[in-house]
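Mapping of the sequence shown onto numbering that gives the first Met the number 0: position 180 corresponds to residue 179, and the numbering continues sequentially without gaps. For glycine and all other residues, C-beta sits at the position ideal for the given N, C-alpha and C.
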Amino acid sequence: MTEEIKESVSQVVSDNNYNNYDIKRREALEKIDNAKFGWFHIRACIVSGVGFFTDAYDIFAINLVAVMLGYVYFGKSSLPTDTDLGVKVATPIGTLIGQISFGILADILGRKKMYGVELLVIVFATFSCCLVANSYVFSPTLNTFVDNSKVVSVQGIIIFWRLILGIGIGGDYPLSAVITSEFATTSRRGAMMAAVFAMQGIGILVAAIVSTITIAAFHSTITPTDFSHIDYVWRIVTGVGAIPGVVALYFRLTIPETPRFTMDIERNVNQAAQDIDTVLTTGSYKPREQEVVVKIEAPKASFSDFFRHFGKWENGKVLFGTAFTWFALDVAFYGIGLNNNIILKQIGFLGDGTDPYETLFKASAGNIIIALLGTVPGYWVTVFTIDLWGRRPIQLMGFALLTVIFIVLGFGYYPILGASVELFIFIFTLAQFFFNFGPNTTTFVIPGEIFPTRYRSTGHGISAASGKLGAIISQVGFFKLKDIGGAPGSNAFIDHLFKIFAVFMLAGFIVTYFCVPETKNQSLESLSNENQDGFVRDKRSADV
0 MTEEIKESVS QVVSDNNYNN YDIKRREALE KIDNAKFGWF HIRACIVSGV
50 GFFTDAYDIF AINLVAVMLG YVYFGKSSLP TDTDLGVKVA TPIGTLIGQI
100 SFGILADILG RKKMYGVELL VIVFATFSCC LVANSYVFSP TLNTFVDNSK
150 VVSVQGIIIF WRLILGIGIG GDYPLSAVIT SEFATTSRRG AMMAAVFAMQ
200 GIGILVAAIV STITIAAFHS TITPTDFSHI DYVWRIVTGV GAIPGVVALY
250 FRLTIPETPR FTMDIERNVN QAAQDIDTVL TTGSYKPREQ EVVVKIEAPK
300 ASFSDFFRHF GKWENGKVLF GTAFTWFALD VAFYGIGLNN NIILKQIGFL
350 GDGTDPYETL FKASAGNIII ALLGTVPGYW VTVFTIDLWG RRPIQLMGFA
400 LLTVIFIVLG FGYYPILGAS VELFIFIFTL AQFFFNFGPN TTTFVIPGEI
450 FPTRYRSTGH GISAASGKLG AIISQVGFFK LKDIGGAPGS NAFIDHLFKI
500 FAVFMLAGFI VTYFCVPETK NQSLESLSNE NQDGFVRDKR SADV
C-alpha cells in the first residue's frame, strides 16, 4: 500500500469512521494500477486495436472507393460533387451519433454489455455496403427488367449503409478507450491506449495495400473503354474491411466487465476485488462461478449530478478542452485525410484520369506512400514516448508544428509546387506525421483518463463526437470552398483551405494550454478530481 493510501486509511481509522469497503476498493484499484504488465494487458490491446484497424480501414478506404465508383457509375475519375460529399460525410455523421449514444449507454448498462454490439453493426453494414446494387423493375412492355436507379440508386444505398457503419464505428471510440484505460496499469496506460489507437494507421495502410493488390489483379480487364470490372474491385476492397471484425467478434463479446465499473457503478466492491485477483493470478479472465453481491453506497450518475460535477469550472473546462481540441484537430485531419486524392491530383501524380487503371493504381500507391512515410510512424512514435514525455507536451507540440506547417502550405502552396514537387510531398508528409505524433492520438487518450468512472465513457463520447462535428463541417466546407476562384474541379481555393486549417491548429494549441491537464503517471481516481476518502460506504453505515 502506498504512503498516500496508508495516510488516508489512518485518517479514516482515527476519525472512528472505519469503512472496510472503501479501503478494499482502494487496495483493489492499487493492484490494477501497479500490476505487472502481462498477457492480459496485451490481449486487451489487441482486442480493442482490431476494432480501430477496422474503423480506419472502412473510413479511409472510401477515399479510394469513391474514385472507383466514379468510373463504374459515371464514366469518369470522380463522383458528382454532391454524391462524393454524401458518400464521404455519411460515415462521420453516423460516427457522431454512435459516439454519443454508445458513450452514454456504456456508462449506464456497462462496458461489457455494449462491447461487441458496435462491432456487429460494423460487420453487418460493411457486408451490406459491398453488396448494394441499383434497383430494377420488371417492364411488361419490354418483357425484361429495366434500371430504376432514379428511385433507389447504388450511391443512395451506399450512403445509407455508410451512415449505419458510422454508428458502429462511433461506438468503438468510447468503449475501446475506456475499457483499455480501466484495465491498464498507471505507468503504461498511455502506451496501451495509444497502441490501440495506432491500429488506425495500420488500417489506413492496409486499405491502400488491398486496393493496390486488387487493382493489379484486374489489370488486364481495366481499360480506357471498359470500366465494368472496377465494379468487382470496389466491392472486394470494401468487403475485406469486415474480415478483421469477424475475427475479433468473439473476443469482444467475451471480454470481462471492467473492475472499476463493477465497483463504482454496479457498486459491488467484493465482486470487483475477486475479478481483479482472478485476472492478476491467472493472467486471463474466467467466467464468474458465483456473483459476490455486496452492494455499497457510491455517487450515482444522474442529470443533476452530471451538471453539478461539470458545473464546477475545474471540471467543466476539462470537458470543454477535450471536446474543442478534438473538434479543431478533426477539421484539418479529415479535411485532408478524406481528400488525399485531390492533393495527389494537384501534384500531377494521378494523371488526367483517362486511363482508369493508371489513375486507380497511382491513387492507391500514393496513399501507401503517405501512410508509410507519415501516418504509421507518427502513431508509433507516440506509443513509445507518451508515458515518458506526457500527453499534454505531445499535444501542444503537435498543434504548434501543424500551425506552422499549414501556414507554410497555405502561403507557399503554388511557389513550393512550382519549385519542387518533392519538397511539397515532404512538407505534406510532415503534416501527416505530426497529426499522429501529436493531437490525433492524444485527443483520444486524454478523455479516456480524465473523467470519473460514472461519466468516463460519456465524457469520451462527447469529446469524440465534437471531433466528428469538426470532420463534418470540414468535409462540407472543403467541397463547397475548394473551387472558389476557378472552374469546377480546379481546386483553386485549396491554398486558402490550408490557411483555415492553420487557424484551427492554433486554436487547438491555445485551448490545450489553458484547459487540458497532464494525465501521465496519475491514477484514474486522482484525475477524476473527486475526493477518494470515503468514496464508497457500506450501506449499513451509510447514515452514520
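- The beta carbon of Gly85 sits closer than 6 Å to those of Ile158, all from its chain and outside the five residues before and after it, given in chain order.
- Taking a cut-off of 8 Å on C-beta distances, the segment 374 to 386 touches the segment 199 to 208, as three or more cross pairs fall below it.
- Put simply, the backbone Cα of Ser47 is about 28 Å away from that of Gly365.
- Between the C-alpha atoms of Pro438 and Tyr56 there is a straight-line separation of about 20 Å.
- A distance of 8 Å or more separates the beta carbons of Ser456 and Asp171.
- Secondary structure at Asn314: helix, using DSSP grouped into helix, strand and coil.
- Between the segment 66 to 74 and the segment 421 to 439, the count of C-beta pairs closer than 8 Å stays below three; the two stretches do not touch.
- With contacts defined as CB atoms closer than 8 Å, Ala34 and Thr184 qualify as a contacting pair.
- With the rule of 3 Cβ pairs closer than 8 Å, the segment 501 to 511 does not count as touching the segment 110 to 125.
- Contact check between the segment 448 to 455 and the segment 260 to 274: three or more CB pairs, one atom from each, fall below 8 Å, which counts as touching.
- With 16 or more neighbouring CB atoms inside 10 Å of its own CB, Ile404 falls in the buried class.
- Across the set Ala362, Cys128, Glu265 and Ile103, the C-alpha of Ala362 shows the shortest separation from the C-alpha of Ile212.
- For the 8 Å CB-CB criterion, Val535 and Arg42 do not form a contact.
- DSSP, read as helix, strand or coil, puts Arg266 in coil.
- Nearest Cα to Gly37 within the set Ser127, Val153, Met191 and Ala89: Met191.
- Beyond the five residues adjoining it in sequence on each side, Gly93 comes within less than 6 Å, by CB distance, of Leu162, Gly165 and Ile166 in the same chain, given in chain order.
- Under the three-state reduction of DSSP, Glu296 is assigned to strand.
- The DSSP-derived three-state label of Thr53 is helix.
- Cα atoms of Ala247 and Gly50: separation of roughly 8 Å, rounded to the nearest angstrom.
- Judged by DSSP secondary structure, Asp482 falls outside any alpha helix (DSSP H); it is assigned neither H nor E.
- Contact between the segment 456 to 475 and the segment 311 to 331 is present: three or more C-beta pairs spanning the two stretches fall below 8 Å.
- Taking a C-beta distance under 8 Å as the contact criterion, Gly189 and Lys479 do not qualify as a contact pair.
- The bridge partners DSSP lists for Asp225 are Thr222.
- Check the Cα spacing between Phe383 and each of Ala194, Val153, Gly102 and Gly97: the tightest is with Ala194.
- According to DSSP, Arg188 shares a beta bridge with no other residue.
- Secondary structure in the segment 57 to 121: the alpha helix (DSSP H) runs of 4 residues or longer, each lying completely within the stretch, are 80 to 108 and 110 to 113 in chain order.
- A Cβ-Cβ separation of about 6 Å places Val510 in contact with Gly320 under the 8 Å criterion.
- Within its own chain, the residues whose Cβ lies closer than 8 Å to the Cβ of Pro355, once the five positions on either side in sequence are excluded, are Tyr70, Ser76, Ile221, Thr222, Pro223, Phe226 and Ile229, listed in chain order.
- Per DSSP, Asp532 is not a residue of any alpha helix (DSSP H), being assigned neither H nor E.
- DSSP places Thr441 inside the alpha helix (DSSP H), whose first and last residues are Pro438 to Val444.
- Annotated three-state conformation of Ser489 is coil, per DSSP.
- Shown here, Asn133 sits in coil according to DSSP, grouped into three states, outside any helix or strand.
- Judged by DSSP in its simplified three-state form, Gly37 adopts coil rather than helix or strand.
- For Ala399, the enclosing alpha helix (DSSP H) stretches over residues Arg390 to Ala418.
- Shown here, Gln431 sits in a helix according to DSSP, grouped into three states.
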